[in-house]
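Participant: Quick one: this structure, given as structure tokens, is what I'll be asking you about.
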Amino acid sequence: MRLRKVADRGVRGIFMANAVFSAVVLLGILAFLLLYGVRTFSGTSVLKFLSGTVWNPDAYGEPSYGLLPLLLGTLASTAIALIIAIPLGVASAVFISERLKGWVRVTVKTLVELFAGFPSVVLGFFGLVVLAPLIARIFHVPSGLNLLNAGVLLGLMSLPTIISVADDALRVVPHSYREAAYALGATPWTTAIRIVLPAARSGILAAIMLGFGRAVGETMVVLMVAGNAALMPKSLFDPVRTITSTIAIELGESAFGDTHFYSLFALGFVLFLLALATNLVAESLIRREKRSFTL
Amino acid sequence: MDAIGTSSPARKLRRRRFGDNAGFVLLAVPLAVFVLFILYMFFYLFRNGLGVINWQFLTQAPTKGMTEGGIWPCIVGTVLVTFVSLVFSVPVGIFAAIYLSEYAPANFLTRAIRSAIRSLAGIPSIVYGLFGVALFVTGLKFGLSILSSGLTLGLMNLPWIIATAEEAINAIPGSFREGALALGATKWEAIRHNVLPYAFPGILTGVLLAVARTLGETAPILFTGVTYYTRTIPTSLTQKFMALPYHLFTLATQHDQISTVRPIAFGTALVLLVFVLAFDAVAFVIRLRVAGTNKWQV
Amino acid sequence: MKKLLSIATLTAMVTTLVAGEVMVKGSDTMLNITQRLAEAFSATRPDITVSVAGGGSGVGINAVVNNEVQIGNASRAIKSKEISSARANGVNPVEYAIAVDGLCVITNEKNPVKKLTITQLGDIYRGKVKNWSEVGGPNKPVSLYGRQPNSGTFVFFREMAVKSEYAQSMRQMNGNSQIVEGVKADLGGIGYVGVGYVKDGGISVIELSSDGTNYSSPLDKSAVDAGTYPLARPLFQYTNGKVKGDAKAFIEFEMSPAGQKIVEEEGFFPLNKSLVEKNQGNL
Chain A
13 MRLRKVADRG VRGIFMANAV FSAVVLLGIL AFLLLYGVRT FSGTSVLKFL SGTVWNPDAY
73 GEPSYGLLPL LLGTLASTAI ALIIAIPLGV ASAVFISERL KGWVRVTVKT LVELFAGFPS
133 VVLGFFGLVV LAPLIARIFH VPSGLNLLNA GVLLGLMSLP TIISVADDAL RVVPHSYREA
193 AYALGATPWT TAIRIVLPAA RSGILAAIML GFGRAVGETM VVLMVAGNAA LMPKSLFDPV
253 RTITSTIAIE LGESAFGDTH FYSLFALGFV LFLLALATNL VAESLIRREK RSFTL
Chain B
10 MDAIGTSSPA RKLRRRRFGD NAGFVLLAVP LAVFVLFILY MFFYLFRNGL GVINWQFLTQ
70 APTKGMTEGG IWPCIVGTVL VTFVSLVFSV PVGIFAAIYL SEYAPANFLT RAIRSAIRSL
130 AGIPSIVYGL FGVALFVTGL KFGLSILSSG LTLGLMNLPW IIATAEEAIN AIPGSFREGA
190 LALGATKWEA IRHNVLPYAF PGILTGVLLA VARTLGETAP ILFTGVTYYT RTIPTSLTQK
250 FMALPYHLFT LATQHDQIST VRPIAFGTAL VLLVFVLAFD AVAFVIRLRV AGTNKWQV
Chain C
3 MKKLLSIATL TAMVTTLVAG EVMVKGSDTM LNITQRLAEA FSATRPDITV SVAGGGSGVG
63 INAVVNNEVQ IGNASRAIKS KEISSARANG VNPVEYAIAV DGLCVITNEK NPVKKLTITQ
123 LGDIYRGKVK NWSEVGGPNK PVSLYGRQPN SGTFVFFREM AVKSEYAQSM RQMNGNSQIV
183 EGVKADLGGI GYVGVGYVKD GGISVIELSS DGTNYSSPLD KSAVDAGTYP LARPLFQYTN
243 GKVKGDAKAF IEFEMSPAGQ KIVEEEGFFP LNKSLVEKNQ GNL
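Residue numbers (my numbering), protein chains in the order written: chain A, 13 to 307; chain B, 10 to 307; chain C, 3 to 285.
The following block contains the structure:
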């Protein structure tokens, strides 16, 4: 009997240790990024890092570590992705949640989820061999490896996230809302657009945030199709370099202990902050929506 | 707007019905386009990749400067790193999930732990790559190896496994535990005999989904151990390895005869995709069956 | 207990060093040629496994500096900065040439410009010349294709032709072949790639001149050999100290007639006499 009690307590300890360990990983990542990231600033100043418009650590002359072109590359490609994915994703989610039932619904959702599981390198390959020539032909531009290509692919990648999370958010809206609207003579369409959609707005916003997070953090697709020139983008057809692809390109070549090496951790830290903020906001939005329906 | 005096109520109703349907049709268009696009991508990859896939392609090493032969070492490498990642993340993840759902008190610390784990799931995979380089490759001196890559991937899929496992355990009604406790079982005995067996399909689903996503990841292995070419199948965890996603990346962007190897690139893409989809599909089937036979939810 | 055991076996596996494995890493220009050499070498020495990874010359040299691999591939010579960080790590880099490359400047085959001087080439890549009409071509904007900074070709070409920063608008491609692909599809495109990469059609290889009178092509073996082609360069492998053991067997194979034959088959040029002599001194 005593033994069983001891075993019980021991097991609890093991489980707790694993949970604490998992959470500590986040702190570990943060610590490494910070520890290495700040050493960048023995080679360059914080101000230059944050406001510099040239990223060229391997320069012919003086190396420069300007975050702006990379940040803009990331934000521009993500913006295009969202311009595509928000309307398509929200519309699809409304249709799925308000109109589809039974096996059709299961099939469509399964297909969307399967696409979410597509390896990004396969999508990048698709962008390289199909989308790039297509863009070059349609817009009469010299090369299809550019901001637009990256944005379109990132948009496709964030669509499943937006659709799934938005669909969940719409389904959480209690049936009584819809029934009340029908009772007042509203059509299903009016109900969906005027009642259900606004009621689910924090959840929808969370879906958009998570889609944003997915696009910001993607590496392989942008590495393969964005053209990777670290310039401040001025047109849809300019090549861009994102934060993620910069890390992927330069991590191997920078010598351990070099300013260049550390600067990539500083970039990682910027990504980390973007992702963390996105996640925390999305999480609180989802909580808020759930709370608003439980009286 | 609707107040047009001349129209009869019946006509008004018809018009509203029409507007209603038109609205939903408008919403259906983007979804239809997206679904068609997904189907087209499958079709495109199958059409271009299926031709090169045969027994030799799956079981031989690349030859003649990768213009001939197969992708066997890449399959082995990908399976190995994924396996190493699971050896790490499955026990840790499930234990952590059991703690969070069964034991954790509702206090600040629990909320912080849960929030940290959720946040981990949103960290970009390339950041895990950075962390892997700093911790495993240089810090712990595992070097560029299957071990470094596997552990990096393990850290990455850990939060996914925790999230799905916790959800699966939470779905088991409290009465299951109470019955055992009332009969004098300790808490752990109650969990082990009356909760985990029923949560198992849900936990398995989460693991399978994690496997699918891990198989296709490229960024975390890029600097932790993957290599372009190695003649033999790795025999130790300290060796470098070839992997399907990286093989596709190099064949698509770096090979010197990019058009000659394009069919092989398509074949590699298709094999990778089929691997990923197979795990996803099994996971979906299990999930559907669990949802269909929700015995205790009456 | 089980967990402890598995941890123990893990550590055992980590600490067992693998016999007969040679790791080569670095230059993307040398990726395919080294892979071919490794494949052929394995046929003669099945007891040794050679693994080949790309990443760029900077990556290769850095991997030797950090003692991660036995051989680092580089399509440029090691920088003095890299030598000093190697020394700081207790690594003494030794250089071996395994082949010669005539770096090719390529344009779309429909572009009538077939010759350029090094100065014109530099102006194009510095971003000063923005239209092909400025160098005797059609009225078409120039679009630049180049490599990423981890590439030795990126550094070598900047050193030899650009002599300044690259124009920021240059697309930075992942590998030589992506440059070829890009230029093939782009009527105003220009790019630079190793001579082993121009086998595909759809592009023309520009003849270059450093003085404006004598033009030569990198496809002309004698011009590359004699050094009259301005962008000829040796392709190097670096090791920590004089190479020994399995790595030595591999490097010797690369320099052997059988190895040099593969070099030629891949489209690069075999070592000339002075490089062979230099290698001998380091073996």
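Backbone N, C-alpha and C fix where the C-beta goes; we use that ideal spot for every residue, glycine too.
Would you mind telling me which residues of chain C sit closer than 7 angstroms to phenylalanine 268 of chain A, beta carbon to beta carbon, in chain order?
Facilitator: Walking along the first sequence from the start, residue 268 of chain A turns up at place 256. Within 7 angstroms Cβ-Cβ: Asn68.
Participant: List the DSSP bridge partners of isoleucine 73 of chain C.
Facilitator: Indexing the third sequence from 1 puts residue 73 of chain C at position 71. Isoleucine 73 of chain C pairs with C:Val26.
Participant: Please give me, in chain order, every unbroken run of the beta strand (DSSP E) with length at least 3 that falls completely inside the segment 157-241 of chain C.
Facilitator: Counting whole runs of 3 or more residues, the segment 157-241 of chain C contains the beta strand (DSSP E) stretches 173-175, 191-195, 205-207 and 209-211.
Participant: Can you look up asparagine 68 of chain A in the DSSP assignment and give me helix, strand or coil?
Facilitator: Translated into the one-based positions of the first sequence, residue 68 of chain A becomes position 56. Strand.
Participant: Within 10 angstroms of its Cβ, does phenylalanine 117 of chain B collect 16 or more other Cβ (buried), or is it exposed?
Facilitator: Taking the second sequence and counting its residues from 1, one reaches residue 117 of chain B at position 108. Label assigned to phenylalanine 117 of chain B: exposed.
Participant: Which runs of the alpha helix (DSSP H), 4 residues or longer, sit entirely within the segment 100-166 of chain B?
Facilitator: Segments of the alpha helix (DSSP H) lying fully in the segment 100-166 of chain B: 117-130 and 134-141.
Participant: So, is the C-beta of aspartate 20 of chain A closer than 8 angstroms to a C-beta in chain B?
Facilitator: Taking the first sequence and counting its residues from 1, one reaches residue 20 of chain A at position 8. Yes, aspartate 20 of chain A lies at the interface with chain B (some Cβ there is under 8 angstroms from its Cβ).
Participant: To the nearest whole angstrom, what separates the beta carbons of phenylalanine 238 of chain C and alanine 42 of chain C, a pair I think is in contact under 8 angstroms?
Facilitator: Start at 1 with the first residue of the third sequence, and residue 238 of chain C comes out as number 236. Start at 1 with the first residue of the third sequence, and residue 42 of chain C comes out as number 40. With a Cβ gap of about 20 angstroms, phenylalanine 238 of chain C and alanine 42 of chain C do not count as contacting.
Participant: In whole angstroms, what separates the C-alpha of serine 110 of chain B from that of leucine 286 of chain B?
Facilitator: Within the second sequence, residue 110 of chain B is the residue found at index 101, counting from 1. Within the second sequence, residue 286 of chain B is the residue found at index 277, counting from 1. Rounded to the nearest angstrom, the two C-alpha atoms are 30 angstroms apart.
Participant: Strictly under 8 angstroms for the Cβ-Cβ distance: is alanine 251 of chain C near chain B by that measure?
Facilitator: Here residue 251 of chain C is taken as the residue at index 249 of the third sequence, counted from 1. For alanine 251 of chain C, the answer is no, since every Cβ of chain B falls outside 8 angstroms of its Cβ.
Participant: What residue range is occupied by the uninterrupted beta strand (DSSP E) comprising glycine 104 of chain C?
Facilitator: As a working note, residue 104 of chain C is residue 102 in the third sequence. Here the beta strand (DSSP E) through glycine 104 of chain C covers 95-104.
Participant: Applying a beta-carbon distance threshold of less than 7 angstroms, which residues of chain C neighbour alanine 335 of chain A?
Facilitator: A query on residue 335 of chain A cannot be resolved here, the shown segment of chain A reaching from 13 to 307 and no further.
Participant: On the premise that phenylalanine 97 of chain B lies in contact with glycine 141 of chain B, defined as a C-beta separation below 8 angstroms, what is that separation, rounded to the nearest angstrom?
Facilitator: Numbered from 1 along the second sequence, position 132 holds the residue referred to as residue 141 of chain B. Numbered from 1 along the second sequence, position 88 holds the residue referred to as residue 97 of chain B. Actually they do not touch by this definition, with Cβ atoms about 12 angstroms apart.
Participant: Around the Cβ of isoleucine 208 of chain C, are there at least 16 other Cβ atoms within 10 angstroms (buried) or fewer (exposed)?
Facilitator: As a working note, residue 208 of chain C is residue 206 in the third sequence. Looking at its Cβ environment, which holds 16 or more other Cβ atoms inside 10 Å, isoleucine 208 of chain C is buried.
Participant: Determine the DSSP secondary structure at glycine 148 of chain C, reduced to helix, strand or coil.
Facilitator: Taking the third sequence and counting its residues from 1, one reaches residue 148 of chain C at position 146. Strand, per DSSP.
Participant: Quick check on lysine 246 of chain A - is its C-beta less than 8 angstroms from some C-beta in chain B?
Facilitator: Residue 246 of chain A sits at position 234 when you count from the first residue of the first sequence. No, lysine 246 of chain A does not count as interfacial toward chain B.
Participant: Leaving out the 5 sequence neighbours to the left and right, which residues in its chain are closer than 7 angstroms to alanine 174 of chain B when beta-carbon positions are compared?
Facilitator: For the purposes of this step, residue 174 of chain B is identified with residue 165 of the second sequence, where counting begins at 1. Cβ within range, chain order: Gly102, Ile103, Ala106, Ile212 and Gly215.
Participant: If you compare alpha carbons, which of B:Gly131, B:Ala221, B:Leu160 and B:Glu187 is closest to proline 229 of chain B?
Facilitator: For this step, residue 229 of chain B is matched to residue 220 along the second sequence. Cα-wise, what sits closest to proline 229 of chain B is B:Leu160.
Participant: According to a CB-to-CB cut-off of less than 8 angstroms, which residues of the segment 186-201 of chain B neighbour chain A?
Facilitator: Listed by position, the residues of the segment 186-201 of chain B near chain A (Cβ gap below 8 angstroms) are Thr195, Lys196, Trp197 and Glu198.
Participant: Count the C-beta pairs between the segment 15-26 of chain A and the segment 192-199 of chain B that are closer than 8 angstroms, then say yes if the count reaches three, no if not.
Facilitator: A contact exists between the segment 15-26 of chain A and the segment 192-199 of chain B.
Participant: Span of the beta strand (DSSP E) holding lysine 117 of chain C?
Facilitator: Along the third sequence, one-based indexing puts residue 117 of chain C at 115. Here the beta strand (DSSP E) through lysine 117 of chain C covers 117-119.
Participant: For the segment 25-37 of chain C and the segment 67-78 of chain C, state whether three or more C-beta atom pairs, one from each stretch, are separated by less than 8 angstroms.
Facilitator: Touching, per the Cβ criterion.
Participant: Alpha carbon to alpha carbon, what distance is there between cysteine 83 of chain B and serine 104 of chain A?
Facilitator: Translated into the one-based positions of the first sequence, residue 104 of chain A becomes position 92. Translated into the one-based positions of the second sequence, residue 83 of chain B becomes position 74. Spanning the two alpha carbons is a distance of roughly 37 angstroms.
Participant: So, with DSSP's three-state summary, where would you put methionine 15 of chain C?
Facilitator: Against the third sequence, residue 15 of chain C aligns to sequence position 13. Only weak support exists for where methionine 15 of chain C lies, its pLDDT of 45 falling under 50; the coordinates are left without a value.
Participant: Smallest Cα separation from asparagine 161 of chain A: which of A:Gly229, A:Met236 and A:Arg183?
Facilitator: Here residue 161 of chain A is taken as the residue at index 149 of the first sequence, counted from 1. Per the Cα distances, A:Met236.
Participant: Short of 7 angstroms in beta carbon distance, which residues of its chain neighbour aspartate 188 of chain C, apart from the five on each side in sequence? Order them along the chain.
Facilitator: Translated into the one-based positions of the third sequence, residue 188 of chain C becomes position 186. If we look at aspartate 188 of chain C and ignore the five residues flanking it on each side, its Cβ neighbours are Asn110 and Ser145.
Participant: Quick one: which unbroken beta strand (DSSP E) runs of 3-plus residues sit fully inside the segment 93-144 of chain A? Chain order, please.
Facilitator: Those beta strand (DSSP E) runs which fall completely within the segment 93-144 of chain A and span 3+ residues do not exist here.
Participant: Where does tyrosine 237 of chain B sit, in a helix, a strand or coil, going by DSSP?
Facilitator: The sequence position of residue 237 of chain B within the second sequence is 228, counting from 1. The answer is coil: DSSP assigns tyrosine 237 of chain B none of H, G, I, E or B.
Participant: Between the Cα of tyrosine 240 of chain C and those of C:Gly22, C:Lys81 and C:Lys263, spot the shortest distance and give me the residue it belongs to.
Facilitator: Residue 240 of chain C sits at position 238 when you count from the first residue of the third sequence. Nearest C-alpha to tyrosine 240 of chain C: C:Lys81.
Participant: What do you get for alanine 247 of chain A, buried or exposed, if any count of 16 or more other CB atoms within 10 angstroms of its CB means buried?
Facilitator: In the first sequence, residue 247 of chain A corresponds to position 235, counting from 1. Just to set this straight, residue 247 of chain A is serine in the shown sequence, not alanine. That one is exposed.
Participant: Since glycine 148 of chain C and tyrosine 168 of chain C should fall inside the 8 angstroms C-beta cutoff, what is the C-beta to C-beta distance between them, to a whole number of angstroms?
Facilitator: For this step, residue 148 of chain C is matched to residue 146 along the third sequence. For this step, residue 168 of chain C is matched to residue 166 along the third sequence. Between tyrosine 168 of chain C and glycine 148 of chain C the Cβ distance is about 6 angstroms, and since that is below 8 angstroms, they are a contact.
Participant: Among C:Ile264, C:Gly129, C:Gly196 and C:Met257, which has the Cα closest to the Cα of valine 107 of chain C?
Facilitator: Numbered from its first residue, the third sequence carries residue 107 of chain C at position 105. Valine 107 of chain C has its Cα closest to that of C:Gly196, out of C:Ile264, C:Gly129, C:Gly196 and C:Met257.
Participant: Helix or strand or just coil, what does DSSP make of valine 299 of chain B?
Facilitator: Taking the second sequence and counting its residues from 1, the one referred to as residue 299 of chain B is at position 290. Helix, per DSSP.
Participant: Taking its Cβ as the centre, do 16 or more other Cβ atoms sit within 10 Å of glycine 229 of chain A, making it buried, or is it exposed?
Facilitator: Numbered from its first residue, the first sequence carries residue 229 of chain A at position 217. Glycine 229 of chain A is buried by the Cβ-count criterion.
Participant: Taking just the CA atoms, how far does threonine 203 of chain A sit from lysine 302 of chain A?
Facilitator: Position 290 of the first sequence holds residue 302 of chain A. Position 191 of the first sequence holds residue 203 of chain A. Going by the C-alpha atoms only, they are around 20 angstroms apart.
Participant: I'd like to know if valine 61 of chain C contacts chain A, where contact means its C-beta is closer than 8 angstroms to some C-beta of that chain.
Facilitator: Residue numbering aside, residue 61 of chain C sits at position 59 when the third sequence is read from its first letter. Interface residue, yes.
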